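Asks:
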Amino acid sequence: MERRFGIVISKIVTLGLLLLFVLNASANDPETEKAGVIRGKVLTSDARPAADVMIVLAEPNVTTTTEADGSFVFRHVSPGKYHLLITLAGYSTITEEVTVEQGQTATVSFTLEASSKALQEVVVKGNHSGITRKSTYEVAKIPLKNIENPQVYTTITKELLQQQQVFSVDDAMQNATGVTKMWDATGRGGDGGGYYSMRGFVVQSQLRNGIAGNVTSRIDASNLERIEVMKGPSATLFGSNLTSYGGLINRVTKKPYDHFGGEAGFAVGSFGFNRFSADINTPLDKNRDVLMRVNAAYNYENSFQDYGFNRSVALAPSLSYRVNDRLSFNFDAEYMAGQNTGLSAFFFSYGQPIAQLGTDRADGLNIDYKRAYAMNDLYQTSRSTNLFGQMTYRLSSQWSMQTNITSTNSYSDGPSPYFYLLTDAEVKGDPNAIGNGYISRNDQFTNNSHDNVIELQHNFNGDFNIGRLRNRFVGGIDFFHHKSNQFFGGNTYDTIYAKGDIPTYRDFNRRNLDKVYDAKGLAFTYPINLITNTYSAYVSDVLNITDNLLVQAGLRIDYFDNKGSYNDVSGKYGNGYTQTALSPKFGIVYQPIKDKVSLFANYQNGFTNKATANPNGKPFKPEQANQMEGGVKVSLLNDRITGTVSYYDIRVKDIIRPTNVPNVSVQDGTQYSKGVEVEVIAHPARGLDVVAGYAYNDSKFEKTEAKLEGLRPATAGAPTVANLWVSYRVQQGAVKGLGFGVGGNYASDNKVVNDRELGAFYLPAYTILNGSIFYENSRFRLGFKLNNITNKEYWIGYSTVNPQKTRNFTGSIAFKF
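As structure tokens, this is what we get:
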């Protein structure tokens, strides 16, 4: 079967290449255009593509912006002479005269006085503090403006993170509309950092620059250029291994630039927080074709509770090599390692009715909010080592290809304490007793656990015309290999009453826990030893029917080969299975006002490969999720106000559910998730920035077990969430560069247990307020941040109750060079 699929893939690629050759030939035919076209490219002084530069076609006063590769195009231009203008703050205006002939393409090129680094600074200043980004390559795998893209996504830039003094992906996600954190990172091999809720589904940050880049611990932000949060099922371009039905989180990293520079920083804060960081960039040859950039950070922080700590180190070198104007290479590494005492997570006893607790809310539990109930020597060691390679080759002015290779390796070892909420009825043996306050202290450890992913991806990108119709095309193949060899085991240490004096409080430590394992052994084990391979091919095209009307169509074919689990006795892998899935994607964008207002709609698909078999013994098919979404995007007043309003409808089908017959399942379950999202990024005055978001989600099981049917999933997160950040930076005078920011996050009541038989348990709604003051000039940056200003006690959870940080502060300083 695998060999047949390989033959199919090779035929698809061959046919695709032939089609691209034909399309390219037709695109070069001058007879396909009656009017003329002006096509060009803008380079920096160091011969690098200049992105996001505004080009003005003077006589009709039409503007466009260069794409990520520095290219631009004006279409349907009447024959005649024209002037093209480029104006950058601090640099002289560049003017070029161009003659357009009927049916011909006039080609021009510009070289700016600014270097690539200087251009970034100019664009940031002209882009209102750099907290927004108009276009990106990673979201659609082609250069596409947000207003042209039928998919909804949020971009969180490093400039915004600097304002907020944010040092991790977890904290950065507070700026993503409709996203809430459910769990902190566990550090366990194979995990992808923190867990979040998005559109009613669980998602993790497992992509880096559009391909696999898993980090199991708290993900450091030292090497982040921006975070792209893509909404809705996105399997067509990104597959199913690293995405969720709610969307995906992609980390875009910093790249080397053409001169020596960087910064070194230090931060201190509450709970013993200390952070050292460095960002150093340098060219390695006199022609500045070989560039090197290294980002590094060290963090240490105690818990807000009486015990607990987190220690981590991050190192991320990046090397770029420009062979010539057509060929370039990028090589990155990412090493993140640390030790931590894990989550403060309280689980619910299996099968125990919520009513027996005597409360259905987290703030009614008899648990001491500031006690950890476990000692500091119960810590886990984790390590993530990721390697990346990329080759980009420009075939022509219209075609390019890119090859990506990544290897991600994660390791974990050590204990991980957790707790069960016990009812008085359980502990006292009295079924009529009502109350809570007893907890069992437990451990689930990992033992020398490893998880490895290798991904190889090759893409062809084209920007060409068929007649008068512009096509922006990507076609690619992908190989995804996953090997996991992990061992989990654990036992219960003791049961205590969690309030008041606890004589045995300090006994839950490594020495005593080891004694329990020596005496009782393991109460449970959970070994994972598997290999899976995924072979994929995909295509996507954005077609300009007119300048104002765009349609998008894409399709992916996925062949999933699960080799099964390894059997130590036989020395072989067994119970494997294979599945094939198709994932289509469609979108339409109409701009009633070009580059300012767009109406969009999309159909997006996601899927999940499923093991087990139906009652007839045949393997189940992949589970499917289909989204319909529509809305409006705006970019007004020279991009000073940008926003998105959308309504989505996600239907999941082919969910495997249990039947009334023991050990028999059927695949006819369904789930429904719908909602509204509103996002606004505004710059109403010089120095004033506003980032705001609101989201409402209605998710429920439609066809499943009777006790859950019609109810909201306990893992769907809070139905209503909102985020806000407002900042102002002084623009002139003696205190120019001084800034202030204030904002916060709101989440409504969240049911982490929702069951007709057991009842419902709520994490109460919360509003968290944060504020900062900062000062920045060309030589240094200072900042002070106060988080959770009102000292609110609140909880998050993934079917658990997890207390969060109380009021805390951070002060930071960074020196630039």
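Numbering (mature numbering (1 follows the signal peptide of the UniProt record, and there is no 0)), first residue to last: -27 to -1, 1 to 790.
Note that beta-carbon positions come from the ideal geometry of N, C-alpha and C, so glycine has one too.
It should be emphasised that the depicted structure is a prediction, and the values quoted were computed from it without experimental measurement.
1. Drop a sphere of 10 angstroms on the beta-carbon of T68, count the other beta-carbons inside from all chains shown, and report buried for 16 or more, exposed for fewer.
2. Which first and last residues belong to the alpha helix (DSSP H) in which F211 is found?
3. Within the chosen definition, does the stretch 294 to 307 reach the stretch 255 to 273 through at least 3 CB pairs nearer than 8 Å?
4. Rounded to the nearest angstrom, what separates P116 and I741 at their Cα positions?
5. Hey, is the stretch 683 to 702 in contact with the stretch 715 to 724, meaning 3+ C-beta pairs nearer than 8 Å?
6. So, under 8 Å CB-CB, Y669 and G683 are touching, yes? Tell me the CB distance rounded to an integer number of Å.
7. Who are the near neighbours of V447 in its chain, counting only those whose CB is closer than 6 Å to its CB and skipping five residues on each side?
8. Report all residues from its chain with a CB closer than 7 Å to the CB of K626; omit the five preceding and five following residues, and keep chain order.
9. DSSP has F321 in a bridge; who is on the other side?
10. Determine the burial state of Q704: buried for a count of at least 16 other Cβ atoms within 10 Å of its Cβ, exposed for fewer.
11. So if DSSP puts H56 in a beta bridge, which residue, or which two residues, is it bridged to?
12. Quick check on the DSSP output: the beta strand (DSSP E) that includes Y411 runs from which residue to which?
13. How about D193 and S285: do their beta carbons lie closer than 8 Å?
14. In whole angstroms, what separates the C-alpha of V653 from that of T396?
15. Fully enclosed by the stretch 106 to 135, which beta strand (DSSP E) runs are 3 residues long or longer?
16. With distances taken Cα to Cα, identify the nearest neighbour of residue 804 among A345, T358 and T78.
17. Does the beta-carbon distance from I501 to Q459 come in below 8 Å?
18. Out of curiosity, what's the CA-to-CA distance linking I407 and L394?
19. Within this structure, are the beta carbons of G166 and K154 separated by less than 8 Å?
20. Taking buried to mean at least 16 other C-beta atoms within 10 Å of its own C-beta, is residue 791 buried or exposed?
21. Are K493 and N464 touching if we call contact CB-CB under 8 Å?
22. Buried or exposed for E730, please, with buried defined as at least 16 other CB atoms from any protein chain shown within 10 angstroms of its CB.
23. DSSP beta-bridge partners for residue 792?
24. On the DSSP bridge list, what partners appear for E602?
25. L697: which of A655, G462 and G387 sits nearest, CA to CA?
26. Just checking my contact of A306 with A289 at CB under 8 Å: how many whole Å lie between their CB atoms?
27. For the ligand SAH, any of its heavy atoms closer than 7 Å to the Cβ of V50?
28. For S509, is the classification buried or exposed, using 16 other Cβ atoms within 10 angstroms of its Cβ as the cut-off for buried?
29. Following the continuous beta strand (DSSP E) through R529, name the residue where it begins and the one where it ends.
30. Going by beta-carbon coordinates alone, are N743 and K724 separated by less than 8 Å?
31. Which word fits V95, buried or exposed, when buried means at least 16 other C-beta atoms lie within 10 angstroms of its C-beta?
32. Report buried or exposed for Q75, applying the criterion of at least 16 other Cβ atoms within 10 angstroms of its Cβ.
33. Using only the alpha-carbon positions, how far apart do K583 and V637 sit?
34. Kindly give me the distance between the Cβ atoms of G579 and T216, rounded to whole angstroms, as I take these residues to be in contact under 8 Å.
35. How about K569 and L609: do their beta carbons lie closer than 8 Å?
36. Hey, how far is the Cα of D436 from the Cα of V112?
Replies: Once the coordinates are examined:
1. So T68 counts as exposed.
2. Its alpha helix (DSSP H) spans residues A208 to F211.
3. Yes, they touch.
4. Straight-line spacing of the CA atoms in P116 and I741 works out to 37 Å.
5. At 8 Å Cβ cutoff, the stretches touch.
6. About 19 Å separates the beta carbons of Y669 and G683, which is beyond the 8 Å limit, so they are not a contact pair.
7. Its chain contains K114, I115, N432, N434 and S513 as the residues whose beta carbon lies nearer than 6 Å to that of V447, once the 5 sequence neighbours on both sides are disregarded; these appear in chain order.
8. Cβ neighbours of K626 beyond the five flanking positions: Q597 and T643.
9. Residue pairing by DSSP places F321 opposite L394 in a beta bridge.
10. So Q704 counts as exposed.
11. DSSP output for H56 lists E70 as bridge partner(s).
12. Here the beta strand (DSSP E) through Y411 covers N409 to I439.
13. Against a cut-off of 8 Å, the Cβ pair of S285 and D193 comes out as a contact.
14. Computed Cα separation, rounded: 46 Å.
15. Qualifying beta strand (DSSP E) stretches, in chain order: 126 to 130.
16. Residue 804 cannot be examined here, being either before or after the span of the chain that is shown, -27 to 790.
17. Yes.
18. The C-alpha of I407 lies about 13 Å from the C-alpha of L394.
19. Using a Cβ distance threshold of 8 Å, G166 and K154 do not count as a contacting pair.
20. Because the chain spans -27 through 790 in this model, residue 791 falls outside it and cannot be assessed.
21. Taking a C-beta distance under 8 Å as the contact criterion, K493 and N464 qualify as a contact pair.
22. Exposed is the call here.
23. As displayed, the chain neither begins before -27 nor continues past 790, which places residue 792 out of reach and without an answer.
24. Looking at the DSSP assignment, E602 forms a beta bridge with N575 and Y621.
25. Looking at the Cα atoms, A655 is the closest of the given residues.
26. Taking the Cβ atoms as the reference, A306 lies roughly 7 Å from A289, within the contact range of under 8 Å.
27. Of ligands this structure carries none, so the ligand SAH is not represented either.
28. Around the beta-carbon of S509, 16 or more other beta-carbon atoms lie within 10 Å, marking it buried.
29. For R529, the uninterrupted beta strand (DSSP E) segment begins and ends at L522 to N540.
30. Not closer than 8 Å, so no.
31. Caution is warranted here: a pLDDT of 47 is assigned to V95, below 50, making its placement in the model unreliable, and no coordinate value can be reported.
32. Q75 is exposed by the Cβ-count criterion.
33. Our two residues, K583 and V637, have alpha carbons roughly 15 Å apart in a direct line.
34. Beta-carbon to beta-carbon, G579 and T216 are separated by about 6 Å, close enough to satisfy the 8 Å threshold.
35. Going by C-beta atoms, K569 is nearer than 8 Å to L609.
36. Each residue's CA atom was taken as its position, placing D436 and V112 some 17 Å apart.
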